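Peer 1: As you go down the protein sequences, you meet chains A and B in turn. Note that my numbering gives residue 307 to position 21 of the first sequence, counting from 1, and the numbers run on in steps of one. Note that my numbering gives residue 342 to position 56 of the second sequence, counting from 1, and the numbers run on in steps of one. The beta carbon of each residue, even a glycine, is placed where N, CA and C say it ideally should be. From a predicted model like this one, the values you see are computed outputs, not experimental measurements.
2 protein chains.
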Amino acid sequence: MKKYLIILSGGMDSVTLLHDWEADIALAVTFDYGSNHAKREIAMAAANCEKLGIEHIVIPLAFMHDYFKSSLISGAEAIPEGHYADENMKSTVVPFRNGIMLAVAVGLAESRGLEGVLIANHAGDHTIYPDCRPEFIDAVRRSALAGTFSRVEIISPYCGITKTQIAARGAEIGVDYALTYSCYKGSEKHCGKCGTCVERKEAFRDAGVQDPTDYED
Amino acid sequence: MKKYLIILSGGMDSVTLLHDWEADIALAVTFDYGSNHAKREIAMAAANCEKLGIEHIVIPLAFMHDYFKSSLISGAEAIPEGHYADENMKSTVVPFRNGIMLAVAVGLAESRGLEGVLIANHAGDHTIYPDCRPEFIDAVRRSALAGTFSRVEIISPYCGITKTQIAARGAEIGVDYALTYSCYKGSEKHCGKCGTCVERKEAFRDAGVQDPTDYED
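1) Can you give me, in chain order, the residues of the region 397-411 of chain A that have a beta carbon less than 7 Å from any beta carbon in chain B?
2) In whole angstroms, what separates the C-alpha of H323 (chain A) from that of K475 (chain A)?
3) Report back the beta-carbon spacing between K471 (chain B) and D503 (chain B) to the nearest angstrom; my notes put them in contact at under 8 Å.
4) Buried or exposed, going by whether 16 or more other CB atoms sit within 10 Å of the CB of R455 (chain B)?
5) My assumption, with CB atoms under 8 Å, is that G433 (chain A) sits in contact with F422 (chain B). Please give the rounded CB distance.
6) Can you pull the DSSP bridge partners for A314 (chain A)?
7) Quick check on I423 (chain A): does DSSP put it in helix, strand or coil?
8) What residues of chain B sit near I386 (chain A), judged by a beta carbon separation below 9 Å?
9) Check I440 (chain B) in the structure and name its three-state DSSP category.
10) What residues in its chain sit with their C-beta under 8 Å from that of K269 (chain A), if we drop five residues either side in the sequence?
11) Going by beta-carbon coordinates alone, are D492 (chain B) and T450 (chain B) separated by less than 8 Å?
12) For E396 (chain B), count neighbouring Cβ atoms within 10 angstroms of its own Cβ and tell me buried if that reaches 16, exposed if not.
13) Given a cut-off of 8 Å on the beta-carbon distance, is the pair S505 (chain A) and T482 (chain A) in contact?
14) Give the DSSP-derived three-state secondary structure of E474 (chain B) in the structure shown.
15) What does the alpha-carbon distance come out to for the pair T302 (chain A) and I405 (chain B)?
16) Under 8 Å between C-beta atoms, does S429 (chain A) make it to chain B?
17) Could you check whether the Cβ of D417 (chain B) sits closer than 8 Å to any Cβ belonging to chain A?
18) Go ahead and label E341 (chain B) buried or exposed: buried means 16 or more other beta carbons lie within 10 angstroms of its beta carbon, across all protein chains shown.
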């Protein structure tokens, strides 16, 4: 019996996790919070699920676009360029995004009778995003165990590894990274300059994995 | 400076908390998850905020109606009758509802530069709802502190008291309970028979507070 739900954005990390834990995944959920790159990410999430025969649903969180402040949901021109770990990248933070996605996923897992929720946060996220850090994941995991009848688990298999190690793992299990999208600007081609594009390039380069991405620069 | 956001349903508990902590509340948020009684509860939430001059927003969580299993969102005829603490009342549980509302509220509080989130869960909720218990509140509180830059607090002032004590507190500070709605069936008049109506009656009776509710039975 497949027993997990995965939070799937359509980026490199969660698409790798989808393939990595495929045998145990019953449902993939993509959250549409109105980000600049939502449309392209969602298309990639759907394509991977179709390929693997995994049920995929998209949950709209329109209120985040209406009420939350973040350059990630304010249009491409607001996205800063530079390295992912730089201070100016903080404007791309969507407040408590992982907290919100995990909470919805936990409720949905309990509704479906599933045992746990998979999330693909990784060690490289920790410097910028507080809701990617191990202490956050640990606390929210305990809140899910305490707050559900069926004691839904939260599992974060990549929490201790880097994006480079994720890319290496993906190459090993045959993930097609042409079917992933990362750029925060959301244009047809990856810009190659925003934090997440820079991080994407570095991960392929450092892992010695061929980068199939067609960058604008 | 007012510094808190309150999760306000429009029922007795959160309306009492709204009046109780009024001086420190900058924003009241009602979540519309498509429950049978949403329309009447929201109207009560709005009426109390207007009276107190507190900004009020309604955040639709339509996906809960579409994807979650609960008699609370399946129509009035699915609502069991009897005492709130009875086993059959479990069907009214919306999986991880407080987890979801708290996560969205925490993100919104950080977006607005507010220090904390108020929630009116109370000791009487604990028997049925896992996401009302102190160990849940404690874990989710730590997840909010760890998962936000500004270390948003979660405050649950009624976690250790009963609904009867809430009614007594409300009477003391002059809350008009005619401006609250509880019934899970969602008709114009309170049915008087569902778990939350029975609990409402008992709270007024045990607190020695006059019950202004016009029950159907």
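Peer 2: From the atom records:
1) S397
2) For the purposes of this step, residue 323 (chain A) is taken as the residue at position 37 of the first sequence. For the purposes of this step, residue 475 (chain A) is taken as the residue at position 189 of the first sequence. If you take the alpha carbons of H323 (chain A) and K475 (chain A), they lie about 11 Å apart.
3) To locate residue 471 (chain B), count along the second sequence from 1; it is residue 185. To locate residue 503 (chain B), count along the second sequence from 1; it is residue 217. So it is not a contact: roughly 12 Å between Cβ atoms.
4) Indexing the second sequence from 1 puts residue 455 (chain B) at position 169. It is buried - the Cβ of R455 (chain B) has at least 16 other Cβ atoms within 10 Å.
5) The residue given as residue 433 (chain A) occupies position 147 in the first sequence. The residue given as residue 422 (chain B) occupies position 136 in the second sequence. Between F422 (chain B) and G433 (chain A) the Cβ distance is about 4 Å, and since that is below 8 Å, they are a contact.
6) Mapped onto the first sequence, residue 314 (chain A) falls at position 28. Paired residues: A:I292, A:H342.
7) The residue you call residue 423 (chain A) lines up with position 137 of the first sequence. The answer is helix: DSSP assigns I423 (chain A) an H, G or I state.
8) For this step, residue 386 (chain A) is matched to residue 100 along the first sequence. The contact set of I386 (chain A) on chain B, defined by CB atoms closer than 9 Å, consists of I386, A389, V390, V392, G393 in chain order.
9) Reading the second sequence from its first residue, position 154 is the one you call residue 440 (chain B). Under the three-state reduction of DSSP output, I440 (chain B) falls in the strand class.
10) No answer is possible for residue 269 (chain A): it lies beyond the span of chain A, which begins at 287 and ends at 503.
11) Numbered from its first residue, the second sequence carries residue 492 (chain B) at position 206. Numbered from its first residue, the second sequence carries residue 450 (chain B) at position 164. Cβ distance < 8 Å, so D492 (chain B) and T450 (chain B) count as in contact.
12) Along the second sequence, one-based indexing puts residue 396 (chain B) at 110. Buried.
13) Because chain A spans 287 through 503 in this model, residue 505 (chain A) falls outside it and cannot be assessed.
14) For this step, residue 474 (chain B) is matched to residue 188 along the second sequence. Correct three-state label for E474 (chain B): coil.
15) Residue mapping note: residue 302 (chain A) aligns to position 16 of the first sequence, counting from 1. Residue mapping note: residue 405 (chain B) aligns to position 119 of the second sequence, counting from 1. Each residue's Cα considered, the two are about 38 Å apart.
16) Taking the first sequence and counting its residues from 1, one reaches residue 429 (chain A) at position 143. Nearest CB-CB separation between S429 (chain A) and chain B: below the 8 Å threshold.
17) Within the second sequence, residue 417 (chain B) is the residue found at index 131, counting from 1. D417 (chain B) counts as touching chain A.
18) To locate residue 341 (chain B), count along the second sequence from 1; it is residue 55. It counts as exposed.
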